[in-house]
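Using my numbering, the first residue of the sequence shown is number 47, and each one after it goes up by one.
All residues carry an ideal CB built from backbone N, CA and C; glycine is no exception.
As the structure is a computational prediction, the values presented were derived from the model and not from experiment.
Read through the structure below, which is laid out as structure tokens, and then see the notes.
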Amino acid sequence: VQLSIDSSAGRRIPDSLFGIFFEEINHAGAGGLWAELVSNRGFESGGSSTPSNMDPWTIIGNESSIFVKTELSSCFDRNKVALRMDILCDSESSSNVCPAGGVGVYNPGYWGMNIEEGKTYKVVLHIKSLEAVDLSVSFTSSDGMRQLASGKITGTSSQFSNWTKVEMLLQSKGTDHAGRLQLTTSRKGVIWLDQVSAMPLDTYKGHGFRKDLFSMLQDLKPRFIRFPGGCFVEGEWLRNAFRWRETIGPWEERSGHFGDVWFYWTDDGLGYYEFLQLSEDLGAVPIWVVNNGVGHRDQVATSNILPFVQDALDSIEFARGSADSKWGSVRAAMGHPEPFNLSHIAVGNEDCGKPYYRGNYLKFFYAIKDAYPDIKIISNCDGSSRQLDHPADMYDFHTYPNNANSMFSLSHQFDRTTRSSSGPKAFVSEYAVTGNDAGHGSFLAALAEAAFLIGLELNSDVVEMASYAPLFVNDNDRRWNPDAIVFNSWQQYGTPSYWMQHFFKESSGATLLQSTVQANSSVSLVASAITWQSSEDDGFYLRIKVVNYGSSAVNLKISVSGLSPNSINPTGSKKIILTSTNLMDENSFKEPNKVVPVVSALPNAATDMTVQLSPRSLNALDISLN
Ligand code: AHR
């Protein structure tokens, strides 16, 4: 089998070809990347009516010692529900003595809080009481028996007669990955609580992102981030869709909402501002998916869509407006006076076929272009096999084949797309193998996806951007399978599909060289070649990527024309391979590195060389150029 590469014929790959797609699915953000430990911090996961759902808050004590209910008595207008605790026992009383440790409530977080020895946590809560207060605030082990850190809120009868914000730092003297936050007292009286938060101090730049998960994203060098979903943006019903205005400003004033597609409550600590901040922290172009009046089950008619259009324009002003503009000033007050570099808006998600989509889309398109001509607009309608009947800078393309072979064949999907210098380019914003071949993230799926991505590189004259989906799964709440990064309260690992993406992190902005594979039809091989300048060591490299999808080893003869033999530096060259003994091999918390890239030397690097490709393998040959 022969691979011929012409180093004199190349074209630039788009600067943002490979990025990531973050969706609030599988508790990716709430109970995931967003480091907030308290779940349902405002006691309103049932919505704004009372009684509201206080889950997973749990009462400590029994009917004779405490009575707890939710009430519309909060000081926050957008989330009126607060918790009222009537403490019936008293440690000083002779008749109804509180049990040891007191009574109150505890929050177990998202399947347990990760409380670690030596680490400091900031607890903030809002409290009201017309009596003297003596409240213990503590992190404990999962059974509540072992105290890991504790503080006290005490005050006279007048001190907390109005809602008061209390903050404290607690340093843990022990570790429990499934810990909980307890608020307890042994003093009779009535205490109202609202907006209770606990965050580790140690988040990425103090921006609230869980460090281990953030660094897994950073390691991918994503050039863009599409957010905040997917279906999450649409809502099963529009009333439950993501509404950016409700997610900005001080966290305690946010209403939170029930995401009815993935079926869980989010406090919206990870809101629109935080997504923009995340993009900036990752050095990735933000791609904001706006709801254009289309939910899964209801739609706003085009004749009534203008409030939604204005809402999108306001969101752009929030991101880009000057600090003295109406919405830019809100952003500035949140700590970011400089505008964010929002340059892309995706109008809707998977809604092309819906009756009002196109009409609504056009209203968004012209209004946004009028106010912000530079913003690139992405349509939901697929333009890969036919021309769009409406203007767009890009079109969204999602693919979830339910077997690996279909994904492998999709490496040719864009070969047939009509080339036009002015036509919209593809944004492959969701791709993954699903079904039995994918398991919980198999090596086989990753191999087929790698072939697909090589196909996208080769077609990057018509494909502008691509991202795997979904990005994250909290192992306790698998709403969608498979996913790229699996985590629980304290651990994390990448699936083979995560590691496969590492082979492409140098491609954006690199030069794609012309390459040709000559092989008979029994060989299933897909290959590409790029050159790029490394920002890490400033070196200049040629990377040849080859997927051997077949079950036999292949002797690949590679010849690179247009390079003098002495321009190659074999000692600085290496081979990276992703393969596994069994196609269905997966990583796990127990074996996080079962399927990961393995690096070895490439001493025979030359303009003409032969390499042996293992059966079923993804290979990168990084050839150092002088
Ligand atoms: O990635 C999971 C879901 O798949 C997304 O929310 C949706 O866009 C697609 O159907």
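Between the options, which lies nearest to residue i when the distance is taken from Cα to Cα?
i      : options                           : result
Cys398 : Gly429, Asp420 and Trp334         : Gly429
Ile576 : Leu259, Phe586, Gly276 and Phe68  : Phe586
Ala287 : Arg404, Ala515 and Thr312         : Thr312
Phe206 : Ser455, Ser175, Leu194 and Val572 : Ser175
Thr210 : Leu216, Lys415, Thr200 and Gln217 : Thr200
Leu216 : Gly197, Asp222, Ala497 and Ala224 : Gly197
Ser488 : Thr463, Ser467, Trp373 and Met546 : Met546
Gln579 : Leu571, Leu558 and Pro542         : Leu558
Ser674 : Ser111, Trp297 and Val242         : Nothing can be reported for residue 674: it is not among the residues displayed for the chain, which extend from 47 to 672.
Asp360 : Gly381, Ser184, Trp334 and Asp344 : Trp334
Phe278 : Asn338, Arg256 and Lys251         : Asn338
Ile590 : Arg300, Phe460, Gly341 and Leu667 : Leu667
Ser543 : Pro616, Thr480, Arg291 and Asp222 : Thr480
Gln691 : Leu316, Gly275 and Glu326         : Outside the modelled stretch of the chain, which goes from 47 to 672, sits residue 691, for which no answer is possible.
Val474 : Asn482, Ser468, Phe460 and Thr464 : Phe460
Asn612 : Val569, Ser574 and Ser670         : Ser670
Val114 : Thr230, Val183, Ala76 and Arg124  : Thr230
Gly148 : Met159, Ser140 and Leu134         : Leu134
Asp136 : Val236, Phe549, Val212 and Ser567 : Val236
Pro60  : Ser506, Arg300 and Ile421         : Ser506
Gly276 : Ser455, Ser610, Tyr477 and Ala494 : Tyr477
Gly381 : His303, Gln345, Leu322 and Val336 : Leu322
In angstroms, rounded to a whole number, what distance separates the CA positions of residue i and residue j?
i      : j      : result
Val644 : Lys620 : 10 Å
Ile604 : Asp52  : 11 Å
Ser646 : Asn633 : 21 Å
Arg130 : Trp283 : 31 Å
Asp132 : Ala330 : 49 Å
Ser349 : Tyr412 : 15 Å
Lys165 : Phe635 : 23 Å
Val4   : His253 : With the chain running from 47 to 672 in the structure shown, residue 4 is simply not present.
Glu396 : Asn672 : 47 Å
Ser94  : Asn665 : 54 Å
Gly92  : Asp101 : 9 Å
Ile623 : Asp583 : 21 Å
Tyr418 : Ser54  : 39 Å
Ser371 : Pro385 : 11 Å
Asp189 : Gly225 : 8 Å
Glu90  : Asp435 : 44 Å
Pro649 : Ile614 : 11 Å
Asn72  : Arg256 : 16 Å
Asn449 : Ser98  : 43 Å
Glu138 : Glu69  : 51 Å
Val572 : Asp523 : 36 Å
Pro296 : Gly88  : 13 Å
Thr541 : Asn628 : 15 Å
Val355 : Ile362 : 11 Å
Asn387 : Pro616 : 41 Å
Leu588 : Phe270 : 24 Å
Leu63  : Ala484 : 24 Å
Trp373 : Asp357 : 11 Å
Between residue i and residue j, how many whole angstroms is the CB-CB distance? I'm expecting something under 8 Å.
i      : j      : result
Asp501 : His444 : One detail in the question is off: residue 501 reads as Gly in this sequence, not Asp. Wrong, their Cβ atoms sit about 16 Å apart, outside the cutoff.
Trp238 : Ile173 : 7 Å
Ser513 : Arg272 : 6 Å
Ala16  : Leu517 : This structure does not reach residue 16, given that the chain is present from 47 up to 672, and the question cannot be answered.
Ser203 : Glu177 : 5 Å
Phe145 : Gly107 : Note on residue identity: the sequence assigns Pro, not Phe, to residue 145. About 7 Å; that satisfies the 8 Å criterion.
Asp314 : Phe122 : Incorrect: roughly 13 Å between the Cβ atoms, too far for contact.
Asp222 : Leu194 : 6 Å
Val340 : Tyr402 : 6 Å
Are there 16 or more other CB atoms within 10 angstroms of the CB of residue i, so buried, or fewer, so exposed?
i      : result
Phe309 : exposed
Tyr167 : buried
Asn511 : The amino acid occupying residue 511 in the given sequence is Met; Asn does not appear at that position. Under this definition Met511 is a buried residue.
Thr656 : exposed
Ala365 : buried
Arg343 : exposed
Thr109 : Correcting the residue type first, residue 109 is Glu in the shown sequence and not Thr. When all chains shown are included, Glu109 counts as exposed.
Thr653 : buried
Leu352 : exposed
Asp306 : buried
Asp420 : exposed
Would you say the beta carbon of residue i is closer than 8 Å to some non-hydrogen atom of ligand 2?
i      : result
Cys277 : In the structure on display, ligand 2 does not appear, and the ligands it does have are ligand 1.
Which parts of the region 624-648 are runs of the beta strand (DSSP E), unbroken and 3 residues or longer, counting only runs that do not cross its ends? 644-647
If you scan the region 384-446 from start to end, which runs of the alpha helix (DSSP H) of 4 or more residues do you find wholly inside it? 403-417
Any alpha helix (DSSP H) of 4 or more consecutive residues that is wholly inside the region 300-372: Qualifying alpha helix (DSSP H) stretches, in chain order: 318-328 and 352-366.
Extract the residue ranges of the beta strand (DSSP E) inside the region 240-286, only unbroken runs of 3 or more that lie entirely within it. 270-273
Can you list the alpha helix (DSSP H) stretches of 4 or more residues lying completely in the region 109-155, in chain order? none
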